[in-house]
Amino acid sequence: MSRMRRRIILNQTFKYVFIFAMSLALIALSVLIYRILSQGLGHLNIDFLRQYPAPYPDKAGLFAGIMGSLYLMLLIAPISITIGVSTALYLEEYAAKNKFTRFIQTNVQNLAGVPSIVFGLLGLTFFVYLFSFGYTLIAGALTMSLLILPVIVVASQEAIRFVPNEIRQASIAMGATKWQTIWRIVLPAAIPGILTGSILALSRAIGETAPLIIVGAAAAIYTIPDSLTSKYTAMPIQIYNWTSRPQEEWQYIAGAGIIVLLVILLLMNSIAIWIRNKFQSRY
Amino acid sequence: MSVAMIDEKVEGEIVEKNSSIFKIEDFNLWYGTNQAIYGVNLSIPQNKITAVIGPSGCGKSTLLKTLNRMNDMIPGVRTSGQVMYNNQDIFRNKQMVEELRTQVGMVFQKPNPFPKSIYDNVAYGPRIHGIKKKKVLDEIVENSLKGAAIWDEVKDRLNQNAFSLSGGQQQRVCIARCLAIEPDVILMDEPTSALDPISTSKIEELIKELKNNYTIVIVTHNMQQAARISDKTAFMLNGELVEFTDTDRLFSNPKDKRTEDYITGRFG
Amino acid sequence: MNTHQEHKYSVQEMISDKKSKKNLFNVTEKIVPLFLLLCAVISVLTTAGILFTLLRESITFFSEVSLAEFYLGTQWSPWSGKFGVFPLITGTLLITAIATCVALPIGIASAIYLSEYASNRSRKIIKPILEILAGIPTVVYGFFALTFVTPILQSVFPELKIFNALSAGIVVGIMITPMIASLSEDAMNSVPNRLREGAMALGSTKLEVTIKVIIPAALSGIIASIVLAVSRALGETMIVTIAAGATPNLTFDPMQSIQTLTAFIVQGATGDTSYGSNIYFSIYAVGITLFVFTFAMNLFAQYISRKFREDY
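Protein chains in written order, with the numbering used here: chain P, 15 to 297; chain Y, 10 to 277; chain C, 26 to 337.
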């Protein structure tokens, strides 16, 4: 009987060990959020959102970063979603089940595991130098589009696979062509899943720093991009720049910048989750 | 020579009006290396209800889906023999497949409305075939829903999602969707097998009604249903057509021993 | 007689009238798949582009600096012409090792708790929190490491440098924990309940079921999640750039400032490096080294989850 008791006590003990280990992760998150709020909130005000970067902490603002990130998104979203959804449609609806298809599929998977900084090197060679875009908005946007492409492809494939075959057949049986069926039936039914995945992918792009550094997003930018070949900056670039300055005041500015970035990410994620929940119980 | 051919054709058409709309001749079908249908010969009469019965896996659904070439979508399908629709071989002309499907509609086993409003479901067929005028569409939608005996139940909520309806209502919307492009033939693949008895009897009434304007081919594993609603019945077994004759005759006086065994419930 | 003929139109007739448009459809039907295929090929081209870039610039680099010098050299100071990549590799491995030490126990324990112990309700609360943790940008983690974790560690270990491997490694560990937790939980969750019930019916405690039944059954998924997480740690850039320093020391002392492969790429690409210089090409040589590491890890993870796909 004492053996049984020991086993039960062991079981209970380990339950708390597991809970303790997991709460370490939750504590880390709370501390992180608390630290950033306590450091940054004091410096977060309208001026901070409206001002350009400046050499003095009390004059510095995130305006160029916000606008740069916004312009990047306006380019990345259409490029990556068009290519990503098209790839997913090809793989799910058209591709024959052969070696070539499997090759593309494996390739997408592997691409998802390539470190983001390597995409930066790709962008540096091709977009910055080979295509002679230089350190411009379009070079940054194209690099980031390729970076999040695999995420969008995989999410879209799942959404398309989720559309029941019966309604495809119903459409074909009415004399609809394959593309009519895809355009009018499959895509509308898959849109919620595609949107959710795309928003999550874009929120990854908005927080990415390393590839943008490599393809030359600059920190000291005093204008808003007015063409595809303008110089540009982005929120995480500004934050990185402030973080790496030695004076303590800059940490507070960085904290304020991080709050703005996190709020935007939280908003995007909430929208994604809202879409997911709203359309989840469709079939 | 050519004159003779035209004559023949005209003659043929006159005959067709009163007799068969589909003529299946020596038809075989394989899924990969598995043969699913063996040498079927069958003429499907116009403006009649033809039922195809048989145990599951006998090839009755496969035969049905041949008539609007839905089998094309399954990879590795091969066929031999002829399927004539209004005297044209449906396999001869690759371009014809969409046209064939506008004239030969289909209702499926499980109600499969699109995740759209009731209106958009019914207007789907006309729309994909290029009819865009709101007034025309409105009229088509109303007529089709009336034709499927569901207009009164849904006329006040045409903009609601079709999923909000009950299973039986959904199936009637699917029938309305099919009627909207005024096909000549409606293929029905066990259309009531997913429904409760009350919905089933409503749909059976509807099918009898539709006979006046449409040729109906219905696959069912429910023998009573075949006996209740069909004019002609085909019995299939292991991919072969065993017997095809008037429904009354098939059920009262089957010629083939296997038919008799099946309808008396000795197997299947 | 025919109800539809009472109306002034026939739908089939209208459809045939639109037939002329059918030709247009046919063109669309042919062009669209081509366009989609073209888009699918872009992902292949991206991979090809990555390989091409890394190989071409590295080959140029290796025509100046020998492979032996690069991979066997123990001194990395490119601005004085010393290209021994070893210190960058040890730096990367040191960070990855620390991160794994943090993430492995926490991640697996969280997965076990979520999959085997937690009620539905607490799972519904905790999983999104882990997702938030996974979605925080790495530049934020870097800031956290430098301005919070390092000062706290310094109060415990006064000899700790401002830029050090320990702090960066711990925070990289926090970053990859959700990955291990959620992928391992998926693997444990997909172990069918009948295995659990079978063991429970024999009088096993939950802990015994977990250790003797669930973990062995889900092992390939768990290992794959760890390998993927390690691969993420190898390629992590911002945390180490911000918090681990830029001094390529050949050391395994976590108190020291080090430099990783990724951090050098950032340094090399942002400094006043001119296009075509040895330093410029060296970032690609470092890049291909990193790429080979992570690519091998990813293939390994795929291999494990394919090879040992559980048949229940």
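For every residue, glycine included, the Cβ atom is placed at its ideal position computed from N, Cα and C.
Please read these numbers as outputs of a predicted model, since none were measured by experiment.
Close to chain P, meaning a Cβ-Cβ distance shorter than 9 Å, are the following residues of the stretch 247-266 of chain C: Leu253, Ser256, Arg257, Leu259, Gly260, Glu261, Thr262, Met263 and Thr266. Using a Cβ distance threshold of 8 Å, Y:His138 and P:Gly189 count as a contacting pair. Sixteen is the threshold: when 16 or more other Cβ atoms of the shown chains lie within 10 Å of the Cβ of C:Asn323, as they do, the residue is buried.
Within a 10 Å sphere around the beta-carbon of P:Thr120 sit fewer than 16 other beta-carbons, which makes this residue exposed. If you draw a 10 Å sphere on the C-beta of P:Tyr48, you find fewer than 16 other C-beta atoms in it, and that means exposed. Around Y:Tyr40, no beta-carbon contact reaches into chain P at under 9 Å, the shortest distance being about 15 Å. For Y:Gln180, the enclosing alpha helix (DSSP H) begins and ends at Gly176 to Leu188. Residue-level contact by beta carbon holds for C:Ser135 and chain P, with a gap shorter than 8 Å. With contacts defined as CB atoms closer than 8 Å, C:Ala271 and C:Gln284 qualify as a contacting pair. Unbroken alpha helix (DSSP H) stretches of 4 residues or longer found wholly inside the stretch 180-237 of chain Y: 206-219, given in chain order. Per DSSP, the continuous beta strand (DSSP E) segment holding Y:Asp255 begins and ends at Glu249 to Asp255. Interface with chain P (8 Å Cβ-Cβ cutoff): C:Ala294 is included. In this structure, the CA atom of P:Leu43 is about 7 Å from the CA atom of C:Leu158.
With respect to the 8 Å criterion, Y:Met115 and P:Ala187 are classified as neighbours on the basis of their beta carbons.
Y:Asp240 is positioned such that its CB atom lies no closer than 8 Å to that of Y:Ile127. Inclusion of P:Ala248 and P:Ile90 in the CB contact set at 8 Å is not warranted, their separation being larger than that value. The continuous alpha helix (DSSP H) containing P:Met81 extends over residues Phe77 to Leu103. When secondary structure is reduced to three states using DSSP, C:Phe188 falls in the coil class, being assigned neither helix nor strand.
DSSP places C:Phe108 in the strand class (E or B) of the three-state scheme. The beta-bridge partner set that DSSP reports for Y:Leu38 consists of Y:Ile46 and Y:Thr88. In the DSSP assignment, C:Ile247 falls outside any beta strand (DSSP E) and lies within the alpha helix (DSSP H) extending over Leu244 to Gly260. Exposed is the label assigned to C:Thr99, since fewer than 16 other Cβ atoms lie within 10 Å of its Cβ. Beta-bridge partners assigned by DSSP to C:Ser102: C:Lys107. In the DSSP annotation of this structure, the continuous segment of the beta strand (DSSP E) that includes Y:Phe244 starts and ends at Lys241 to Leu246.
The continuous beta strand (DSSP E) containing Y:Gly114 extends over residues Val113 to Val116. Ranked by Cα distance from P:Leu40, the first of C:Ile150, C:Gly228 and C:Gly260 is C:Ile150. For Y:Ala189, the C-beta contacts it makes with chain C under 8 Å involve Val36, in order along the chain. Three or more Cβ pairs closer than 8 Å define a contact, and the stretch 159-179 of chain C falls short of that threshold against the stretch 104-111 of chain C. Contacts with chain P at 8 Å (Cβ-Cβ) include C:Lys231.
Around the Cβ of P:Lys192, a 10 Å sphere holds 16 or more other Cβ atoms; the residue is buried.
DSSP, reduced to helix, strand and coil, places Y:Met93 within a strand of the structure shown. As a beta-bridge residue in DSSP terms, Y:Lys32 pairs with Y:Ser52 and Y:Met93. DSSP places C:Thr298 in the coil class of the three-state scheme, outside both helix and strand. The C-beta of Y:Ile137 comes closer than 8 Å to at least one C-beta of chain P.
DSSP lists no bridge partner for Y:Asn121. Annotation for Y:Thr59: the continuous beta strand (DSSP E) segment containing it runs Ile58 to Ile62.
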